[in-house]
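Trainee: Residue numbers for the sequence shown follow UniProt numbering, so the first one is 1 and each next one is one higher.
All residues carry an ideal CB built from backbone N, CA and C; glycine is no exception.
This structure is in structure tokens; I'll ask about it shortly.
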Amino acid sequence: MPRTAPNYICPICLTPLQKSENSLTCDNAHNFDFAKEGYVNLLPVQLKKSLNPGDDKNMVLARREFLTSGHYQFLRDKIITLLTQFSPSTIIDLGCGEGYYTNEIETALSAEAVYGVDISKSAVKYAAKRNNKVHYSVATISHLPFGDKTTNAIVNVFAPLVATECRRILAEDGKIIRVTPGPRHLWQLKQFVYETPQLHDEPEPLGDFILIDQITVTETRTVNKRDIEHLLLMTPFGWKIQPDKLQQLKQNEELNIEFEFLIDTYQ
1 MPRTAPNYIC PICLTPLQKS ENSLTCDNAH NFDFAKEGYV NLLPVQLKKS LNPGDDKNMV
61 LARREFLTSG HYQFLRDKII TLLTQFSPST IIDLGCGEGY YTNEIETALS AEAVYGVDIS
121 KSAVKYAAKR NNKVHYSVAT ISHLPFGDKT TNAIVNVFAP LVATECRRIL AEDGKIIRVT
181 PGPRHLWQLK QFVYETPQLH DEPEPLGDFI LIDQITVTET RTVNKRDIEH LLLMTPFGWK
241 IQPDKLQQLK QNEELNIEFE FLIDTYQ
């Protein structure tokens, strides 16, 4: 079980939520039950923009299979190293997906509490099955279910961020570790998708946060046909690639692909 009780606020009235048996309740009697997998849905219908927001089950399964192959382990290890340098007591993985990074963060660090948040119920459901020591919740990044100044570290891998919400929940000494694509990320795959592939742009600044460090991590790995299919399904490339280009790609039993990431640290 998680090391501490979850410290959430009600997404409806913004008052503290208290755990009682298998649910969370605020003083205004808003109630949120834990699912059998251990996560809690803190995305009320009035905050939804679609019936099933976020990645669907097929995208989640494709990403799970691809990440299990170990192609992004070097990135995960670097995130752990950076977090270890300032030993945060509370860590929130915003856009946690199926928990690939969150799980390792909880395992490797001695934080008092680790949270994983994603708008995709399918992703959070799988993440909660993976590690019941993490507090997992379905929520939107524009209305985070956390009180002011309640976390020391935010981790964000390839997911949107709302700077004002990050500023609100981050403690004065807190830091954000944000991962975005490097210039040549997936370059060899992009050559099949676009007539004239372009390098990735530098990420936009994150509100009024100060960028204190930026590092680039890169590996070129041999990816087999099965993992190429998963990579297509878990990215927008899956619906952007033309049928003739897809057939060309499928003729490759394997492909050497560059994986390049920018890791920015903000405070």
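Of all the options GLU165, LEU206, GLY97, which has the alpha carbon lying nearest to the alpha carbon of SER137?
Mentor: Considering only alpha carbons, the answer is GLY97.
Trainee: Using DSSP bridges, identify the partner residues of TYR266.
Mentor: Paired residues: ILE176, LEU211.
Trainee: Using C-beta distances below 7 Å, list every residue in its chain close to VAL217, excluding the 5 sequence neighbours before and after it, in chain order.
Mentor: Within the same chain, VAL217 has close Cβ partners PHE74, LEU75, LYS78, PHE261, ILE263.
Trainee: If I measure Cβ to Cβ from PRO88 and keep anything under 7 Å in the same chain, skipping five residues before and after, which residues do I get?
Mentor: Cβ neighbours of PRO88 beyond the five flanking positions: ALA111, ASN152, ALA153.
Trainee: My parser needs the alpha helix (DSSP H) runs of 4 or more residues fully inside the UniProt domain "Methyltransferase" (91 to 170); what are they?
Mentor: Correct list: 100 to 108, 121 to 130, 163 to 169.
Trainee: Which residues in the same chain have their Cβ closer than 7 Å to the Cβ of ALA62, if we skip the five residues on either side of it in sequence?
Mentor: Hits under 7 Å: HIS230, LEU233, MET234.
Trainee: At what residues does the beta strand (DSSP E) containing GLN18 begin and finish?
Mentor: Per DSSP, GLN18 belongs to the beta strand (DSSP E) from 18 to 20.
Trainee: Quick one: give me the first and last residue of the beta strand (DSSP E) that LEU47 is part of.
Mentor: Segment: none, LEU47 is in no beta strand (DSSP E) and carries neither H nor E.
Trainee: If ILE215 and LEU249 are in contact, beta carbons under 8 Å, what's the gap, nearest whole angstrom?
Mentor: About 31 Å separates the two Cβ atoms, so there is no contact after all.
Trainee: Determine the direct distance from the alpha carbon of ASP244 to that of THR107, and round the result to whole angstroms.
Mentor: Their backbone Cα atoms lie some 44 Å apart in a straight line.
Trainee: Could you compute how far the alpha carbon of GLY116 sits from the alpha carbon of VAL40?
Mentor: Their backbone Cα atoms lie some 11 Å apart in a straight line.
Trainee: Any contact of the region 57 to 72 with the region 30 to 40, i.e. 3+ C-beta pairs under 8 Å?
Mentor: The region 57 to 72 vs the region 30 to 40: no contact.
Trainee: Could you check if GLY70 is buried or exposed, using at least 16 other CB atoms within 10 Å of its CB as the buried criterion?
Mentor: GLY70 comes out exposed.
Trainee: Using a Cβ-Cβ cut-off of 6 Å (strictly less than) and excluding sequence neighbours within five positions of GLY147, which residues of its own chain qualify?
Mentor: Counting only Cβ-Cβ distances below 6 Å, and skipping sequence neighbours, we find ILE9.
Trainee: Excluding the five sequence neighbours on either side, which residues of its own chain have a C-beta within less than 7 Å of the C-beta of LEU42, listed in chain order?
Mentor: Here the set comprises TYR8, PRO11, PHE32, SER137, VAL138, ALA139, PRO145.
Trainee: Grab the span of the beta strand (DSSP E) containing PHE32 for me, first residue to last.
Mentor: That run of the beta strand (DSSP E) goes 31 to 33.
Trainee: By the 10 Å Cβ neighbour count, where 16 or more other Cβ atoms means buried, how is ARG178 classified, buried or exposed?
Mentor: Per the 10 Å Cβ criterion, buried.
Trainee: Please identify the residue among PRO6, LEU67, VAL45 whose C-alpha is closest to the C-alpha of SER23.
Mentor: Nearest of PRO6, LEU67, VAL45 to SER23, Cα basis: PRO6.
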